[in-house]
Ligand SMILES: NC(=O)c1ccc[n+]([C@@H]2O[C@H](COP(=O)([O-])OP(=O)(O)OC[C@H]3O[C@@H](n4cnc5c(N)ncnc54)[C@H](OP(=O)(O)O)[C@@H]3O)[C@@H](O)[C@H]2O)c1
């Protein structure tokens, strides 16, 4: 990475270059999992617009190809089911090969898979929830580790407000898996610090994406919005800044093991 501390014409009095984010991410190699739509797509597009070399990912090859084409900037599309460990490893290997290494891994792939009450949870649903929403971040991080050690890179997991609150009825496994993402970030932060790798998490509140088209009714969303102190649901764009901040060495080089809540002040389910 280039040292951005030099004095130059773009530097203001506080020593912060006016083009800080572009300088920070230009040429950086970034994989955002679960980025064919929603929060991941907004984050990946922001990195690409700032000059990073980005690989995006989704389960559906056609959708991820279309999303990459829409983002431009040579964004690399990769597809694979993250409930499948071999497919997860293949996506990370594909990103490292295509980008020539990796500086930032955003572990964002996930979804609720359905609202299911405890009495109706079968073993297959339990396993798939764990594999997709908890284990995939471990599998992806482990696969990316050699490249991240080489770059002294950063990992950002996606948790959820439901990891703190337990979520609403029928979301017990999903919510517990999202709490796992926050704990995993804290634990790996300590373990990977000797390699210079920072590990953090973003914990979105209720963000208006396709996710809620599938798992929440308009009434439930309206009630939630009314209880949020900022009086609206979040957007995918609202989440972007927290990911950029945590991925940035200049802005967050001494920040590791932290969870940033992006929720409009909402601290309940
Ligand atoms: N929206 C919210 O309110 C909210 C709140 C807190 C946390 N989150 C978390 O934020 C992340 C993004 O959510 P979102 O709202 O942006 O959801 P979204 O719009 O549904 O996007 C989910 C992304 O993850 C991918 N994905 C889902 N299941 C996958 C699987 N089995 N294998 C590989 N990729 C898979 C999707 O690809 P395909 O479309 O191809 O399946 C898509 O790219 C998730 O981890 C979610 O749990 C969301």
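In this note's numbering, the protein residues as written are 5 to 273. For glycine and all other residues, C-beta sits at the position ideal for the given N, C-alpha and C.
Rounded C-alpha distance that separates residue i from residue j
i           : j           : result
residue 116 : residue 212 : 14 angstroms
residue 203 : residue 161 : 8 angstroms
residue 60  : residue 85  : 13 angstroms
residue 31  : residue 159 : 17 angstroms
residue 46  : residue 150 : 27 angstroms
residue 311 : residue 119 : Look at the range of the chain in this structure, 5 to 273, and you will see that residue 311 is not part of it.
residue 146 : residue 157 : 13 angstroms
residue 79  : residue 96  : 15 angstroms
residue 104 : residue 173 : 44 angstroms
Close-in-space but distant-in-sequence residues of the same chain around residue i (CB under 6 angstroms, 5 per side omitted)
i           : result
residue 34  : 51, 56, 58 and 108
residue 259 : none
8 angstroms Cβ shell around residue i - same chain, five flanking residues per side excluded
i           : result
residue 233 : 268, 269 and 270
residue 41  : 62, 67, 71, 213 and 214
Residue from the options with nearest C-alpha to residue i
i           : options               : result
residue 246 : 27, 31, 147 and 48    : 48
residue 316 : 210, 241, 216 and 243 : Because residue 316 is not part of the residues shown, which for the chain are 5 to 273, the question remains open.
residue 23  : 185, 76 and 254       : 254
residue 114 : 39, 73 and 156        : 39
residue 184 : 134, 196 and 225      : 134
residue 249 : 77, 220 and 54        : 54
residue 138 : 243, 236, 125 and 179 : 179
Whether residue i touches residue j by CB criterion (8 angstroms)
i           : j           : result
residue 176 : residue 130 : no
Cut-off 7 angstroms between Cβ atoms - residues of its own chain near residue i, not counting five sequence neighbours on either side
i           : result
residue 132 : 87 and 117
residue 239 : 211 and 212
residue 9   : Note that residue 9 scores a pLDDT of 46, beneath 50, so its modelled location is shaky; the value from the coordinates is reported in the next line. There are no such residues.
(request) Would you list, in sequence order, the uninterrupted alpha helix (DSSP H) runs of no fewer than 4 residues that lie entirely inside the segment 82-153? (result) 89-103 and 127-134
(message) Restricting to runs no shorter than 3 residues, where is the beta strand (DSSP E) found entirely within the segment 159-214?
(response) 202-208
(message) Report the start-end ranges of each beta strand (DSSP E) in the segment 32-84 that is 3 residues or longer and not cut off at the edges.
(response) Counting only runs of 3 or more, we get 33-36, 57-62 and 80-83.
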